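Following our numbering, the numbering of the sequence shown begins with -15 at its first residue and continues without gaps. Okay, so here's the structure we're looking at.
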Amino acid sequence: MLTQINEKVAITPSGLRFDTDLTFEEWSAMAPQIGTALKSLAFVIGDWLVYGEERFAAQPCIPGLEDDPRHVRISSDRYVATQVATGLDMTTLKNYAYVSRRVPMSLRNDLLSWEHHKVVAKLATDKQTEWLTTAASEAERLSVRRLRASITSGRVLSPEELSIPPSEQGVTNHIPSINRLCGWWKQIGGTDWIKTRSREQIAALLRDFEPVLSIINQLNTSTK
């Protein structure tokens, strides 16, 4: 099967076919088309699969959610048929469908890759929008790795926090633990949590944090 990009170039199953010579301008003009095609391919396949779920093969996985497109699945036999038709493995197809199902087009950000959207797919809709907007901001453009780590930590991590000096490779690092602690504090509400708790509850939490305070005190003592 051939797909014509223009009158001179066609896409074949084995690559591009150049039917005649291109000018430099014509060759250069293909770059954005190729980039867009690569960037959108996973979403194109995922959206196609989800359409099939909703239109032809919807199978509710949770009673009472029959009308919610985020909770339907394609049956295994249909995935096998799709795998044969597309030549893609089943895991890839399911990943494409999962992201398209969980992150509808209205929430997607054109400035980010499919991998960015895969990272936020597990989040609630409002959190998806929040993190995708953050990841795409001009001042704080986040890599996929940095986005994933930031979501886990509950805050945007600096590039320095992601890198471990070679001398410390293989050595237990304190940053992940601190990031998890900060993420937990933000998740429970931080100062808002304090306002809704009794003195006894706050005192109990302080007792739990005594090992951390001990470490801080030891560090402070060593600097005097």
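Beta carbons: idealized from backbone N, C-alpha and C, even for Gly. Remember, predicted model here, so these are calculated numbers, not experimental data.
Closest by C-alpha distance to residue 76, out of 119, 29, 111, is 29. DSSP places residue 203 within a helical segment (H, G or I) once states are collapsed to three. Short of 7 Å from the beta carbon of residue 178, and not among the five residues preceding or following it, lie these beta carbons of its own chain, in chain order: 186.
In this structure, residue 130 and residue 146 form a Cβ contact; the two beta carbons are roughly 6 Å apart against a cut-off of 8 Å. Residue -6 sits in a strand when the DSSP states are folded into three classes.
Counting along the chain, the unbroken alpha helix (DSSP H) around residue 22 starts and ends at 8 to 39. Bounds of any beta strand (DSSP E) do not take in residue 167; it lies within the alpha helix (DSSP H) bounded by 159 to 172. DSSP places residue 0 within a strand segment (E or B) once states are collapsed to three. Counting C-beta pairs closer than 8 Å gives three or more between the segment 21 to 28 and the segment 78 to 98, which meets the contact rule. Judged by DSSP secondary structure, residue 72 falls outside any alpha helix (DSSP H); it is assigned neither H nor E. In the structure shown, residue 104 adopts helical secondary structure according to DSSP, grouped into three states. With 16 or more other CB atoms across the displayed protein chains lying within 10 angstroms of its CB, residue 100 is buried. By the CB criterion at 7 Å, residue 95 and residue 120 fall inside the cutoff. Put simply, the backbone Cα of residue 128 is about 7 Å away from that of residue 103.
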